[in-house]
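Since the structure comes first, as C-alpha cells, the remarks are kept for the end.
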Amino acid sequence: MLEQPDHRLRQREYLLQISRAITAQLDLSSVLNLVIGYAVEMLAGTSGLIAIADEESNDVLRIRASAQLPREIWPAFAPLLDLPMSDLPRRGVSVLRDVAADTGLSLRQMIALPLTVRQSSVGVIYVFRAALNVDFSADDRQLLQDFADQAAIAVSNARLYQGVLREKQRLDAMIEQSADGAMIIDSRWRITTFNHTMELLTGWSREEAIGRPCAEVLGIHTGQGVNICLTDCPLQRRPIIENPVVDGRITSRDGREIYVQSRYAAQRGPGGTFLGAIANVRDITAQRREAELQNTFISVISHELKTPVSIIKGYAGTLAREDATFSPEALREGLTVIEEEADRLARQIQDLLDVSRVAAGGVRLDRSDFALASLAADVVRSFAGPTAGTFEFELRFPDDMPPVHGDYERLRQVVSNLVSNAVKYSPEGGSIRIGARAEGDMAIAYVADQGIGIATEEQDQIFQRFYRVDNRLRRETQGSGLGLYLARAIIEAHGGKIWVESQLGRGSRFLFTLPLGRRQLTD
-7 MLEQPDHRLR QREYLLQISR AITAQLDLSS VLNLVIGYAV EMLAGTSGLI
43 AIADEESNDV LRIRASAQLP REIWPAFAPL LDLPMSDLPR RGVSVLRDVA
93 ADTGLSLRQM IALPLTVRQS SVGVIYVFRA ALNVDFSADD RQLLQDFADQ
143 AAIAVSNARL YQGVLREKQR LDAMIEQSAD GAMIIDSRWR ITTFNHTMEL
193 LTGWSREEAI GRPCAEVLGI HTGQGVNICL TDCPLQRRPI IENPVVDGRI
243 TSRDGREIYV QSRYAAQRGP GGTFLGAIAN VRDITAQRRE AELQNTFISV
293 ISHELKTPVS IIKGYAGTLA REDATFSPEA LREGLTVIEE EADRLARQIQ
343 DLLDVSRVAA GGVRLDRSDF ALASLAADVV RSFAGPTAGT FEFELRFPDD
393 MPPVHGDYER LRQVVSNLVS NAVKYSPEGG SIRIGARAEG DMAIAYVADQ
443 GIGIATEEQD QIFQRFYRVD NRLRRETQGS GLGLYLARAI IEAHGGKIWV
493 ESQLGRGSRF LFTLPLGRRQ LTD
C-alpha cells in the first residue's frame, strides 16, 4: 500500500520536469514534438499523435506531430479526427480498428484528451497501445489530463509567439519594401531597424547604422546648418507633440545634399517616458527644388514683365509731353522701341499661356509638310542683324533633305529659342550652326554653339519648368526658364525627342527629332 503513493509522487515529479521542459520552448513544432513524445512515454504507449485546431476554423483538426507514426500514414487517421470528443467512448474503438486495418498497425487501445485553454479547444492528444493486457487506468487518464492542461498552455503560448513572429516578419517586410526611408530607434535613441531606402538616402549601410545614435546617422540640419536632431529633437520637446514632423537637409556619406521630411510615431510609457519611435523619412529634394524654382521664376518673370512695361511707359510718357518737340527721327525711334518692347512683352505672355496649355493637357498643332532649311533661314534672318559682327550663322542642310511634317510656327518657336540661348550663352561670339539629316522616317536636327557649355549634372534638368543653368551668365541674361521646357513639350507633341550634348567651355549642341513629311514616307 506504501508503493502507490510513491509511484504517484514519481509521476508528479516526472510531470513537473516535463512541464518545465515544454514551457521553456516557444517554437511550435518543437513544443508539439515534445508533448506527444512525453505523452507516449508517460503512458507506456506504443505510438501517438497530436492534432491542433486549424487557426482559421477551430472545428477542423490537423495532425501536426506524432510519435512512431510515419507522416505518410497521417491521412489514415482523418476519420478518428472527425469524431467529436463526446463520440470517442462509443465509436472510437471501431474507428480505431478501421484505421489499424488500413495502416497495418497494431492499434488496440487509445486514450484521447483535449488540449483546452480558458475553455477554448487548442487540439487533442491521442496515445495508442498495441496490447490489450493493460488498460488505461483512471490514474493514467488523470495524469494525461494534468499533462494535457500544461501542454495546452505551452501550445497556446507557442502559437501566440508564432503569430507575433509572423506579424513581425510581415512588418519587417513592409518596412524593407517601403519606398520611403524607415528606421526604428530605441529608448536610448539608437537605431534598431534601418531599411534599404534609408541606406540609399544616407549612404550608411544598415550594418554600420544599427546601434548608432540616430542624430549621427540622419542628422537633419536647418538652413543655418544646425543639427535639429541634437539641438531640438521633436521627440524631446515639452509639451509632448504627437506625431511630430521635421523638414531639413541631410548630407549623405558620399557628399550628396538631400532635403528630407521625417515623421515620427513615438511609443511612450507612464508619465510620457520615451520608449522608442518609428521614423518615416521621405526625400523631398525634388519638391523643395521645384518650390525654389517657382519662387525664382516669380521673381524673374516679375522683372521680365516689368522691364518692357516700364520702357513702354517711359517712352510713351516722354513722347506725350506737350512742352517738348521731337524730330521725325526721334519720334520714329521712340515708337520703334515701344513696338519692340510690346512685342517682347507679348512673347513673354505667350510663353506663360503656352506653359498653362501644356500643364492643361498638351500642345495643339497645325501640321503641314515644309522644308526645315527654310524655317532655319527664317530664324537666322531675325538674329543676323542684331548680332552682326559677333556671330557667324551656318546652315548645314543636305540638298536632298526631305521635308518634315509638323507645325511650322511651333517649330519656329523651338529653333528660335535654341538660337536665342546659343547667342545668350556665347559671350565671346563665334559660330552658331543649324542643320539636320534624315535617318529612317525621322529628321535629326541640331543647333550648336561655341559658348560656355553646360555641366553634366545639369543636362538632365535644363528641360524642366523654370530651371535656369547655374553659371556666371545667369544673372546677366534675360530669361524665365520656360524656353527649353516649352521646346521639349512641342517636340514631344510631334512624336520626337530633344536632348543636349555639351562640355563646359566647349559649347553645346541641342538635338531634336521630327517626323519626315508624308510624301517622303510613301515613296
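At the far end of the sequence shown sits residue 515, using the working numbering, and the numbering has no gaps. All residues carry an ideal CB built from backbone N, CA and C; glycine is no exception. Since the structure is predicted, the reported quantities are computational estimates derived from the model, not experimental observations.
For THR448, there is no enclosing beta strand (DSSP E), since its DSSP letter is neither H nor E. Secondary structure within the region 48 to 81: the beta strand (DSSP E) runs of 3 or more consecutive residues, fully enclosed, are 53 to 59 (chain order). Residue state for ASN219 is assigned as strand, using DSSP reduced to three classes.
With contacts defined as CB atoms closer than 9 Å, TYR251 and VAL238 fail to qualify as a contacting pair. For VAL23 against VAL147, the beta-carbon gap comes to about 6 Å, under 8 Å, which counts as contact. SER408 and SER302 have their alpha carbons spaced roughly 25 Å apart.
If you look at ASN272, you'll find it in the beta strand (DSSP E) that goes 266 to 275. For ASN235, same chain residues with a beta-carbon under 7 Å away, outside a window of 5 residues either side, are ARG255, TYR256, ALA257 in chain order. Excluding sequence positions up to five before and after ALA414, its CB lies within less than 7 Å of the CB of ILE424, VAL439, ASP441, GLY443, all in the same chain and listed in chain order. Under the criterion of beta carbons closer than 8 Å, ALA428 and PHE389 qualify as touching, at roughly 6 Å. Under the three-state reduction of DSSP output, PHE383 falls in the strand class.
Judged by DSSP secondary structure, MET102 falls within the beta strand (DSSP E) whose first and last residues are 101 to 109. Distance from the Cα of CYS206 is smallest, within the candidate group VAL273, PHE383, GLU332, for VAL273. The beta carbon of ARG480 is closer than 6 Å to those of PHE455, ILE490 in its chain, skipping five residues each way along the sequence. Proximity to ARG100 across LEU107, LEU503, VAL109, LEU88 peaks at LEU88, based on C-alpha coordinates.
Straight-line measurement puts the Cα of THR243 at about 50 Å from the Cα of GLY306. Under the DSSP definition of a beta bridge, TRP491 partners with LEU503.
In this structure, DSSP gives TYR307 a helical state, which the three-state scheme calls helix.
Distances from the CA of GLY421 to each of THR382, GLU386, THR448, MET34 were compared; the closest alpha carbon is that of THR382. For ILE233, the CB contacts under 7 Å within the same chain, skipping 5 residues up- and downstream, are PRO226 in chain order. Around the C-beta of ALA144, 16 or more other C-beta atoms lie within 10 Å, and the residue is accordingly described as buried.
Fully enclosed beta strand (DSSP E) runs of no fewer than 3 residues occupy 173 to 178, 183 to 186 of the region 162 to 226, in order along the chain. LEU508 is a Cβ neighbour of PRO394, given a cutoff of 9 Å. When the alpha-carbon of ALA435 is set against those of LEU61, LEU506, ARG373, the nearest one is in LEU506.
Using a C-beta cut-off of 8 Å, the region 32 to 49 makes contact with the region 57 to 67, since at least three inter-stretch Cβ pairs fall below that distance. As DSSP reads the structure, PHE362 sits in a beta bridge with VAL396. ALA104 and SER86 have their alpha carbons spaced roughly 15 Å apart. In the three-state scheme derived from DSSP, where H, G and I count as helix and E and B as strand, GLY443 is classed as coil. Excluding sequence positions up to five before and after ALA271, its CB lies within less than 6 Å of the CB of MET175, SER254, TYR256, all in the same chain and listed in chain order. MET102 counts as buried, since at least 16 other C-beta atoms from the protein chains shown sit within 10 angstroms of its C-beta.
When CYS221, ILE446, HIS213 are compared, the shortest CA-CA separation from VAL492 is found for ILE446.
Pairing GLN142 with LEU26, the inter-Cα distance amounts to about 12 Å. Residue nearest to LEU496 within the set ILE482, GLU450, ALA485, LEU476 is GLU450 (criterion: CA-CA distance).
The three-state reading of DSSP puts THR299 in helix, counting H, G and I together. Here ILE42 is bridged, per DSSP, to ALA57, ILE117. DSSP, read as helix, strand or coil, puts TYR153 in helix.
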